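Counted the way mature numbering (1 follows the signal peptide of the UniProt record, and there is no 0) counts, the sequence shown spans residues -15 to -1, 1 to 397. Cβ atoms here follow ideal geometry from the backbone N, Cα and C, with glycine treated the same way. Treat the numbers as computed from the prediction; the structure is a model and nothing was measured. Note sheet for the following structure.
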Amino acid sequence: MCSCLLCALYSPVLCFENTLGSIKDWVNMGSRTKNVLNMLFALMILPLAYCSVQPPVVNPDILTQSKNLGECQACKLFVDSFKKGLERTARGKYEGGDAAWEEEKLKLSYKRSEMRLIDIQEGLCKEGKNSIQCHHMAEKAEEFIETWWAQDPDESADLYNFICIEKMQVCCPKHHFGKDCTPCPGDHDKLCSGNGKCRGDGTRKGNGTCLCDIGYTGDNCDQCMTGYYLSYKDDTKMLCSPCHVSCMGGCRAGSQKDCVACKPGFTFDSDEGCLDINECDDVNKCSKDQFCLNSIGSFTCMSCDKSCDTCHGDGPDMCRKCAKGYSKKGEFCIADREDEDQSEKLTTTRYMTYVGLLIATGILLPRSTSLGSIVGAMVLSYILGAEYYCMINGHTGLVDLRHFDLARMFHT
Ligand SMILES: *[C@@H]1O[C@H](CO)[C@@H](O)[C@H](O)[C@H]1NC(C)=O
């Protein structure tokens, strides 16, 4: 919407620039006059600021990114990244070396060189998310990595054990938890009945109690949670499955007929069990400018399209009655005058500028009649220029010529 305004303001200004130069020489203006002219320009530019004020844009990544990774996970991320680096540089070597034996020698010396370590470290934590935490861990692990590198390690040796468990002490071996890596209680093949994990498993955190998977509860995760029912059980395995969505407070099996009770939004039927209530059958559920959308267990009131006054669905083809300024054309409600809103706003802003300019001229006029009349003439030309520009581009001007037959005017 600002493009017309911008052009309307600048086209006359640009045109006047040359003329202005000669007028300047002619009048030999004093500094106060220049100030007044500056003020006039400021007034011309003012409405542009009005147009360019926009709400600040927030990068949604900033809000979701910093989900805190545990230290052990960060260490794992770092070790994985380091291993990738080892792979990446596995076949690298110093440049040069002509003969085959020379090449082989160079390859060997690169394998354990400081240079390869640097090559690996340069590529660390580059891929994927959480790179900040990975980098942080890489910094803390640097001295241990250097020790490990200096020991001429077997590359297949478990770097994770060495760095994350032994040196950094942020992780524990599998099925161990807590500061001292205590073994998780119970049978390690079937921790928490196979339906959960021991709190802090593999890390230096937690207290070893069971953290049950969704649907399971109990100290050993061997019961079904409310809203779940036992769907399978043998000597080694039990399975809890969710009740039907219409159930409240539990069920005997998975269908809507097995509910202990029905949720709000459902009604009990002796044959069919819990059935969805269609709230939209009640025509007064939503307000006049909304339509009703039934969903399982609930309903939503949605606003009608802006072209509708009342409607029975979404879109300009679902109106019962058209909104003010719209009229029915076939299925649709079509705007009588599409861009009225925008051009009205634009016109107001433009007129505000004119008033500002005229007031400025009025202040100047009694001080110096000749200068006042020059500025007055400029202001007038400016206004006429801007209006002419808007007119030929089909925007509302002081005189609305959009529906005027220009051709006929020039023929007579
Ligand atoms: C273990 O930790 C969990 C949550 O961190 C807590 O709810 C639970 O009470 C703790 N159990 C014991 C025995 O300390």
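DSSP three-state call for residue i: helix, strand or coil?
i    : result
K114 : coil
H121 : helix
D254 : strand
S366 : helix
M337 : helix
K90  : helix
D261 : strand
L224 : strand
K242 : coil
L28  : Here the model assigns L28 a pLDDT of 49, short of 50, so the residue's position is not dependable, and the following value carries that caveat. Helix, per DSSP.
A142 : coil
A308 : coil
T188 : strand
T194 : coil
K313 : strand
I344 : helix
L48  : Confidence at L48 is low in this model, with a pLDDT of 41, below 50, so its placement is unreliable and the value that follows should be read with caution. Reduced to three states, the DSSP call for L48 is helix.
I199 : coil
S37  : Because the pLDDT at S37 is just 45, under 50, the model does not fix this residue reliably, and the value given afterwards should be weighed accordingly. Correct three-state label for S37: helix.
I377 : helix
Could you tell me the alpha carbon to alpha carbon distance between residue i and residue j, rounded to whole angstroms?
i    : j    : result
D165 : G70  : 31 Å
T221 : G239 : 22 Å
K270 : C236 : 31 Å
K313 : D266 : 27 Å
D172 : K111 : 39 Å
T211 : R189 : 32 Å
C206 : C247 : 27 Å
E2   : I368 : For E2, the predicted structure reports a pLDDT of 42, less than 50, and the residue's modelled location is therefore unreliable. The matter cannot be settled from this model.
V230 : T252 : 13 Å
Y145 : M100 : 22 Å
G357 : L365 : 12 Å
L278 : S288 : 11 Å
I103 : L224 : 51 Å
H160 : S216 : 28 Å
S355 : A371 : 24 Å
N192 : Q154 : 17 Å
W133 : D139 : 10 Å
K96  : E131 : 14 Å
C232 : T285 : 21 Å
C149 : E124 : 13 Å
E72  : I105 : 9 Å
I348 : I377 : 32 Å
Y373 : L350 : 26 Å
G200 : K218 : 14 Å
D243 : G250 : 17 Å
Would you mind giving the Cβ-Cβ distance between residue i and residue j, rounded to the nearest angstrom? I have them listed as a contact below 8 Å.
i    : j    : result
S66  : C119 : 6 Å
H121 : A75  : Not a contact, Cβ separation roughly 27 Å.
C197 : G181 : 4 Å
Y214 : C195 : Actually they are not in contact, since the Cβ atoms of Y214 and C195 sit about 20 Å apart, beyond 8 Å.
G298 : F276 : 6 Å
Y311 : D321 : 7 Å
C156 : C169 : About 14 Å separates the two Cβ atoms, so there is no contact after all.
Examine ligand 1 and report whether any of its heavy atoms sits within less than 7 Å of the Cβ of residue i.
i    : result
R189 : no
R184 : yes
N192 : yes
Quick check on the DSSP output: the alpha helix (DSSP H) that includes residue i runs from which residue to which?
i    : result
R73  : 56 to 73
F129 : 127 to 135
M100 : 99 to 107
The beta strand (DSSP E) that contains residue i, what's its start and end?
i    : result
L278 : 275 to 280
T285 : 283 to 288
I148 : It is not in any beta strand (DSSP E) - I148 carries neither H nor E in the DSSP assignment.
G235 : 232 to 236
L176 : It is not in any beta strand (DSSP E) - L176 carries neither H nor E in the DSSP assignment.
K182 : 181 to 183
D294 : 293 to 296
S216 : 213 to 218
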